[in-house]
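Taking it in order: structure first as structure tokens, then the write-up.
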Amino acid sequence: MTRSTISIQTTKTDHHIAKLTALAIGLHVLEAMFPSPLPGVKPGIANIITLYVLVQYGFGTAAWVSLLRVFASSLLLGQFLSPTFILSLSGALLSLGILFFAQHLPKKHFSVITLSILAAFAHVAGQLILVRLWLIPHAGVAYLIPIFGLASLFFGLVNGFVTKHLLTRSLKK
Numbered sequence: 029m030t031r032s033t034i035s036i037q038t039t040k041t042d043h044h045i046a047k048l049t050a051l052a053i054g055l056h057v058l059e060a061m062f063p064s065p066l067p068g069v070k071p072g073i074a075n076i077i078t079l080y081v082l083v084q085y086g087f088g089t090a091a092w093v094s095l096l097r098v099f100a101s102s103l104l105l106g107q108f109l110s111p112t113f114i115l116s117l118s119g120a121l122l123s124l125g126i127l128f129f130a131q132h133l134p135k136k137h138f139s140v141i142t143l144s145i146l147a148a149f150a151h152v153a154g155q156l157i158l159v160r161l162w163l164i165p166h167a168g169v170a171y172l173i174p175i176f177g178l179a180s181l182f183f184g185l186v187n188g189f190v191t192k193h194l195l196t197r198s199l200k201k
């Protein structure tokens, strides 16, 4: 019996993206360890990595990093196929959808900070829509919009500034 081996050729870029994906997963798991003052409100620090990858490597790679983060984190946290996983996935998908279109906006007027804010709002919108349609089919869910909107604005700004700083540092190297 002859054994054959399959060899996959990888590049330095592949290794760098794998490290960034692992970092995003680690940040997501780390963030899950800390209690939230309001259920569902998290800073989304792993999204910094998604934004960084979007700018450095393009949308397709950013989508892979984001979706791998959602799936791997849910497996590590024991949440795979739970409502938490479905909410995270819906937020990530709508966020990626917005980023797909927003990345083509004029860079002169729309920076990575703008992308971060738009992605944060889309993430929360995706989750609230799913909550309203699936988990809590009641109009009262709309009362959460201002609270989650303010959190999205704040964390979108913070994550955007951090991403901008990281991108600036990587350009200097």
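The working numbering numbers the first residue of the sequence shown as 29 and each following residue consecutively. Beta carbons: idealized from backbone N, C-alpha and C, even for Gly.
Open item on the list: If contact is defined by three or more beta carbon pairs under 8 Å, each pair taking one atom from either stretch, is the stretch 109-128 in contact with the stretch 149-165?
Closed with: The stretch 149-165 makes contact with the stretch 109-128; the number of CB pairs closer than 8 Å reaches 3 or more.
Open item on the list: For residue 159 and residue 82, I'd like the C-alpha separation in whole angstroms.
Closed with: As the crow flies, the alpha-carbon of residue 159 is around 28 Å from that of residue 82.
Open item on the list: Quick check: what's the CA-CA separation for residue 111 versus residue 145?
Closed with: Cα to Cα, residue 111 sits roughly 25 Å from residue 145.
Task: DSSP state of residue 106 mapped onto helix, strand, coil - done: In this structure, residue 106 counts as coil in the three-state DSSP scheme.
Open item on the list: Can you look up residue 193 in the DSSP assignment and give me helix, strand or coil?
Closed with: Of the three classes helix, strand and coil, the one that applies to residue 193 here is helix, per DSSP.
- [ ] Please work out which residues of its chain come closer than 7 Å, Cβ to Cβ, to residue 140, disregarding the five sequence neighbours upstream and downstream, and give them in chain order.
- [x] So the qualifying residues of the chain are 79, 83, 188, 191, 192, 195.
Open item on the list: Between 197, 198, 184, 200, which has its C-alpha nearest residue 76's C-alpha?
Closed with: Comparing Cα-Cα distances from residue 76 to each of 197, 198, 184, 200, the minimum goes to 184.
- [ ] Have a look at residue 132 and residue 32 and give me their C-alpha separation to the nearest angstrom.
- [x] Going from the Cα of residue 132 to the Cα of residue 32 covers about 45 Å.
TODO: Name the two residues that bound the continuous alpha helix (DSSP H) containing residue 51.
DONE: According to the DSSP assignment, residue 51 belongs to the alpha helix (DSSP H) that extends over 40-61.
- [ ] Report yes or no: do three or more beta-carbon pairs, one from the stretch 43-61 and one from the stretch 92-102, lie closer than 8 Å?
- [x] Verdict: yes, contact present.
TODO: In angstroms with no decimal places, state the Cα-to-Cα distance between residue 171 and residue 106.
DONE: Rounded to whole angstroms, residue 171 to residue 106 spans 30 Å at the Cα level.
- [ ] For my contact list, residue 90 and residue 127 are in at a C-beta cut-off of 8 Å; report their separation, rounded to the angstrom.
- [x] That pair is a contact at about 7 Å.
Task: Distance between residue 49 and residue 38 (C-alpha atoms, nearest Å) - done: C-alpha separation (whole angstroms): 16 Å.
- [ ] Report yes if the C-beta distance between residue 36 and residue 85 is below 8 Å; otherwise report no.
- [x] With contacts defined by Cβ atoms closer than 8 Å, residue 36 and residue 85 do not form a contacting pair.
Task: Which listed residue (167, 116, 173, 94) has its alpha carbon closest to that of residue 51 - done: The candidate whose alpha carbon is nearest that of residue 51 is 94.
- [ ] Reducing DSSP to helix, strand and coil, say where residue 69 ends up.
- [x] DSSP places residue 69 in coil when its eight states are reduced to three.
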